[in-house]
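Be aware that the sequence shown starts at 1, since it is given in the UniProt record's numbering, and climbs by one per residue.
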Amino acid sequence: MLYVTLFVCFLASIILTPLVKKAAFFIGAVDNPNNRKVHAKVMPRAGGLAIFISFLIGFWILHPESPYTMPILIGSAIIIMTGLLDDIYELSPKVKLAGQIAAALCVVVFGGIQVHFINLPFDGRLELGWFSIPLTVLWILAITNAINLIDGLDGLAAGVSSIVLFTIAAMAFIMGNVLVMAVAGIVLAGTLGFLFYNFHPAKIFMGDTGALFLGFIISVVSLLGFKNVTLFSLVVPVIILGVPISDTIFAIIRRILHKQPLSAPDKSHLHHCLLRLGYSHRTTVLLIYAMSAVFGIAAILFSTSTLWGSLFIIAILTLGIELVVEGVGLVGQNYRPVLNAIRRPNK
Numbered sequence: 001m002l003y004v005t006l007f008v009c010f011l012a013s014i015i016l017t018p019l020v021k022k023a024a025f026f027i028g029a030v031d032n033p034n035n036r037k038v039h040a041k042v043m044p045r046a047g048g049l050a051i052f053i054s055f056l057i058g059f060w061i062l063h064p065e066s067p068y069t070m071p072i073l074i075g076s077a078i079i080i081m082t083g084l085l086d087d088i089y090e091l092s093p094k095v096k097l098a099g100q101i102a103a104a105l106c107v108v109v110f111g112g113i114q115v116h117f118i119n120l121p122f123d124g125r126l127e128l129g130w131f132s133i134p135l136t137v138l139w140i141l142a143i144t145n146a147i148n149l150i151d152g153l154d155g156l157a158a159g160v161s162s163i164v165l166f167t168i169a170a171m172a173f174i175m176g177n178v179l180v181m182a183v184a185g186i187v188l189a190g191t192l193g194f195l196f197y198n199f200h201p202a203k204i205f206m207g208d209t210g211a212l213f214l215g216f217i218i219s220v221v222s223l224l225g226f227k228n229v230t231l232f233s234l235v236v237p238v239i240i241l242g243v244p245i246s247d248t249i250f251a252i253i254r255r256i257l258h259k260q261p262l263s264a265p266d267k268s269h270l271h272h273c274l275l276r277l278g279y280s281h282r283t284t285v286l287l288i289y290a291m292s293a294v295f296g297i298a299a300i301l302f303s304t305s306t307l308w309g310s311l312f313i314i315a316i317l318t319l320g321i322e323l324v325v326e327g328v329g330l331v332g333q334n335y336r337p338v339l340n341a342i343r344r345p346n347k
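Structural data, given as structure tokens:
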């Protein structure tokens, strides 16, 4: 039944996306070009509606019996409405944040989806107590906005989200977590159907409707799938989401160093940096796909490794991230401590 459902969701997204494209022009959900955008013409957005509707179809077919089902659906509806209204009216950051918090509280407070403790190495365990709710809400907000921030090139957010969802679904299958596998699977199927129209050259953008929804779902299923994983429980979803999380963290660092507001937009995200290095639009997207796939493989290896093996994987990933950051100029063109240290002995 699951495989049939996945095919139905994929097919539904392919059929629905052209209809959503027409609706986007009709309701005014369009993306106008400006100096920060890479597209040169007015583009329809809110394509995430096709992904969401295919997700609802998948839920209707599978009808997973879980106390988390209704809170996830209600939270998803709230986040979709927030994104759709922003795609049409361009909401203020405060209003968008309020919608995201409402969606997060729906699954955290009413759904009981919370990180109650964090597993530590050597059989340690950190109980969070009252910090459980704010920490879980913060996690949902962070991942929701991290996916939104990488939505800057045709097919980028949809492709990276697909790789993340595939990794989560695969790990859920290995661990026997049916709910997480089902939810991640049907969202993945809908996203792949949408990607058929969104890959470069895109015919439609997912908009905040899609980016916020994908970020929200990914943050929730990662909590449901890995909150009880041994060793460092939150490290697994952090590794899986390595690309959007790293891009967001270094965007914050960059703005602090340049004394800019944290919400200030710029053209120095990972995809902007790769484009400046001379890579084509399509190549840039594929390179970031490859990076995301590396993180996905690392997460699977991490979850099956010994303590020292896991520490080695973290060390390699940390060094790799630093070299990429310095190589592409993600913080700044003059920030190259490791690369300069490597080159100095050769002079």
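Built from N, CA and C at the ideal position, the CB exists for glycine as well.
In DSSP terms, what residue i is bridged to
i	result
Arg-282	Arg-282 is not bridged to any residue.
Glu-127	Phe-117
Met-43	Asp-31
Straight-line Cα distance separating residue j from residue i
i	j	result
Leu-192	Arg-343	42 Å
Leu-128	Pro-134	10 Å
Ser-280	Ile-143	27 Å
Val-115	Gly-225	11 Å
Leu-301	Ile-252	29 Å
Ile-147	Asn-340	32 Å
Leu-56	Met-175	25 Å
Leu-330	Ala-293	20 Å
Val-285	Lys-259	29 Å
Phe-117	Val-243	25 Å
Where residue i falls: helix, strand or coil (DSSP)
i	result
Pro-237	helix
Arg-336	coil
Val-30	strand
Glu-322	helix
Leu-85	helix
Met-70	helix
Val-331	coil
His-272	helix
Contact check, residue i vs residue j, beta carbons under 7 Å
i	j	result
Asp-31	Phe-205	yes
Arg-336	Glu-326	yes
Phe-166	Thr-17	no
Val-137	Val-108	yes
Gly-155	His-200	yes
Ala-77	Gly-207	no
Gly-210	Gly-48	yes
Ala-298	Ile-249	no
Phe-213	Phe-110	no
Ile-80	Gly-28	no
Ala-170	Val-180	no
Pro-44	Phe-26	no
Val-220	Cys-273	no
Ala-50	Gly-75	no
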